[in-house]
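K.L.:
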Amino acid sequence: MPIPIGGFRIRQSGQAAHVGTAADVRDAQLIVCATTARTPLFDGALVPVDSCTLAVGSHEPDARELPSVLLARAQIVVEDPSVALRERGDVLIPIVEGVIDAGSLVPLRSIVTGETAVDLGRPRAFTSSGMSWEDLVVATAVFRARP
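Going by the working numbering, the residue at position 3 of the sequence shown is 7; the numbering climbs one at a time, nothing skipped.
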């Protein structure tokens with residue numbers, strides 16, 4: 005089966021997709037953050053348990069799109085923990101705050117190989133420093149894994 009590209013597959017499915025506000029996350033199942041934000045974009049307490057959030061924009065150790073409150077609740081998937089711990093403020097800042105532990109970061113390969121299961125009992129967050137095609141593949145796989 006081909007990987008869906010952009011909004012084409014979403015439109016075909018009849019599911020609603022739109023640019024939302026910070027308050028819209030409370031009803032979202034897939035939240036995509038692709039900005040150059042330096043501070044969190046929304047209240048992490050509003051993010052539903054059955055959601056997947058992707059942060060693919062801010063790429064500096066002191067900038068982030070995701071709030072610590074969300075990461076404290078989420079299964080956090082990263083391309084590579086060593087890269088995330090060097091470049092991603094989305095994980096570095098909550099670690100410094102004592103909200104998450106570096107050891108809780110799940111390498112993408114662990115999800116892909118089945119070594120680690122997608123945890124459907126809490127929100128999932130994927131933060132990427134890589135290429136956009138990788139982000140799309142991961143978003144598709146994690147979204148399909150939901151019940």
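Don't be surprised by glycine CBs; every beta carbon is placed ideally from N, CA and C.
Predicted, not measured: the structure shown is a model, and the values here were computed from it.
So for Pro111, helix, strand or coil by DSSP?
P.N.:
Strand.
K.L.:
Inspect the CB distances between the segment 80-87 and the segment 119-134 and report whether three or more fall short of 8 Å.
P.N.:
Touching, yes, given that three or more Cβ pairs across the two stretches are closer than 8 Å.
K.L.:
Going by the DSSP bridge assignment, what does Thr117 pair with across the sheet?
P.N.:
In the DSSP output, where bridge partners are listed per residue, Thr117 has none listed.
K.L.:
Does DSSP classify Val81 as helix, strand or coil?
P.N.:
Strand.
K.L.:
To the nearest angstrom, report how far apart Ala49 and Ala32 are at their CA atoms.
P.N.:
Each residue's alpha carbon lies about 13 Å from the other.
K.L.:
Among Thr144, Ser108, Gly24 and Leu75, which one has its Cα closest to the Cα of Ser222?
P.N.:
The structure shown has nothing for residue 222, since the chain only spans 5 to 151.
K.L.:
Could you check whether the segment 87-98 touches the segment 139-146, counting it as contact only if at least three pairs of C-beta atoms, one from each stretch, sit closer than 8 Å?
P.N.:
No: the two stretches stay apart, fewer than three of their Cβ pairs being nearer than 8 Å.
K.L.:
Where Pro65 and Ala106 are concerned, what is the direct C-alpha to C-alpha distance, given to the nearest angstrom?
P.N.:
C-alpha separation (whole angstroms): 14 Å.
K.L.:
Using a Cβ-Cβ cut-off of 6 Å (strictly less than) and excluding sequence neighbours within five positions of Val51, which residues of its own chain qualify?
P.N.:
Hits under 6 Å: Val29, Leu74 and Pro127.
K.L.:
Could you give the first and the last residue of the continuous alpha helix (DSSP H) run that contains Ile97?
P.N.:
Looking at the DSSP string, the run of the alpha helix (DSSP H) that includes Ile97 is Gly93 to Glu101.
K.L.:
What residues in its chain sit with their C-beta under 6 Å from that of Arg42, if we drop five residues either side in the sequence?
P.N.:
Around Arg42: Ala67.
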